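Just so you know, the protein sequences line up as chains A and B, in that order.
Per this note's numbering, residue 1 is the first one in the first sequence, and the count goes up by one each step.
Per this note's numbering, residue 185 is the first one in the second sequence, and the count goes up by one each step.
Even glycine gets a Cβ: it sits at the ideal position worked out from N, Cα and C.
From a predicted model like this one, the values you see are computed outputs, not experimental measurements.
To keep things clear, I will list the structure first and then write my remarks on it.
2 protein chains.
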Amino acid sequence: METLTGFNLTDAIAVLTRTPATIDALLRGLPGSWVRSNEGKDTWSAFDIVGHLISGERTDWMPRVLRILESGEACPFDPFDRFAQFKETQGKSLEQLLDEFARLRKENLAALQALNLQPEDLTRRGKHPALGVVTLSELLATWAVHDLTHLHQLSRVMAHQYRDAVGPWSVFLGVLQCNGHSTP
Amino acid sequence: METLTGFNLTDAIAVLTRTPATIDALLRGLPGSWVRSNEGKDTWSAFDIVGHLISGERTDWMPRVLRILESGEACPFDPFDRFAQFKETQGKSLEQLLDEFARLRKENLAALQALNLQPEDLTRRGKHPALGVVTLSELLATWAVHDLTHLHQLSRVMAHQYRDAVGPWSVFLGVLQCNGHSTP
């Protein structure tokens, strides 16, 4: 077994770069019933999840990177509105959201790379409004794992639609046992 | 909220068609440390998971479809070797596995569509060696959800590599709370 021995900017960017195409391949052109179905009251559909990823690109990740570099711990991050997508995506199609997410991610990664961060920058500290002191490398690792959390959620929300259709096989299908820990 | 009202062959094929490109977009060209890392002893890496999906294409899904159509409940399915990939993938690269999975899935979906299954065919019954009587529609739904289970697992295995790197954010990242129910 190989292991990642810790955070590495190149490795994190490798994941961040691939997320838009991954989600596009999974969702674009799917029947609306897959895309608009959720797991019940107050849960998110695939459409809502893509909207949430767009919100993150607009208001969360790069603004927080810049806040750390500009202000350190002196000025806490603005809170992230986890429900902004319900207003922002109204009237849009899934295809529009996928295009928007891909464009924003590309712009944000270009901005990140233009910062030419050095290893010592990754230890710089900022202040999260709920979690307290965090480092730049923790923020960047979280950006990548946040993508993976929502890929995890997407697979679960889609599988949920076939929870009855699989009949007795449900006991062998791990995704159907997932208890929704990844909704946020 | 919209819901899928039950199994539909077109909907299932829509998911099955997209899985190879989804996993390709997620994994191709990633640093080996992402692809070869697992969650600890006796767990699977991304490389192992793609190998397992290939095994399913070769020996599980379409052979079971044909077994139902040819023999009904009279002849149970052959058991599926969930560990075949550890031998079959030796010496191969991830890129070879991704190409092989895409090719086999394409061939299998062409074979499935050539069967020109009618709604009444979907209720035909077969016999699973452990689960007992199952229907053709349950088998086909399971094929799609099995893809989603392994996408769920892939996101979890990758996120696991950054479980320490995210620092205090781990409490907010659902994928890091997933207890591995989807390993099989």
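- Sequence-distant partners of aspartate 60/A (beyond 5 residues in either direction) whose C-beta falls short of 6 Å from its own C-beta, in its chain, are Phe80.
- Taking C-beta atoms under 8 Å as the contact rule, lysine 311/B and phenylalanine 261/B qualify, at a distance of about 7 Å.
- Shown here for aspartate 24/A: same chain residues with a beta carbon closer than 8 Å to its own, the five before and five after excluded, namely Leu98, Ala102 in chain order.
- In the displayed model, serine 37/A falls within a strand according to three-state DSSP.
- Contact annotation: alanine 12/A and alanine 114/A have beta-carbon atoms that are not nearer than 8 Å.
- Cβ neighbours of arginine 248/B within its own chain (closer than 6 Å, five residues either side excluded): Phe261, Leu323.
- Counted as a single uninterrupted DSSP element, the stretch harbouring lysine 311/B is not any alpha helix (DSSP H) but the beta strand (DSSP E) occupying residues 309–312.
- When the five nearest sequence neighbours on each side are left out, the beta carbons in the same chain lying within less than 8 Å of the beta carbon of arginine 347/B are those of Ser354, Leu360, in order along the chain.
- The three-state secondary structure of threonine 319/B, taken from DSSP, is strand.
- Using a 10 angstroms sphere on the CB of aspartate 42/A, the tally of other CB atoms stays under 16, which defines it as exposed.
- DSSP places glycine 364/B in the coil class of the three-state scheme, outside both helix and strand.
- Chain order gives no chain A residues near leucine 306/B, where near means a beta carbon separation below 7 Å; the closest approach is about 10 Å.
- The three-state reading of DSSP puts valine 166/A in coil, since its state is none of H, G, I, E or B.
- Between glutamine 153/A and threonine 333/B, the alpha-carbon positions lie close to 11 Å from each other.
- Between glycine 216/B and the set Phe191/B, Thr206/B, Ser229/B, the nearest pair of CA atoms involves Ser229/B.
- For leucine 211/B, the enclosing alpha helix (DSSP H) begins and ends at 193–211.
- Collapsing the DSSP output to three states places proline 215/B in coil.
- Within the same chain, and ignoring the five residues on either side of arginine 251/B in sequence, the residues whose Cβ sits closer than 7 Å to its Cβ are Cys259, Phe261, Gly310.
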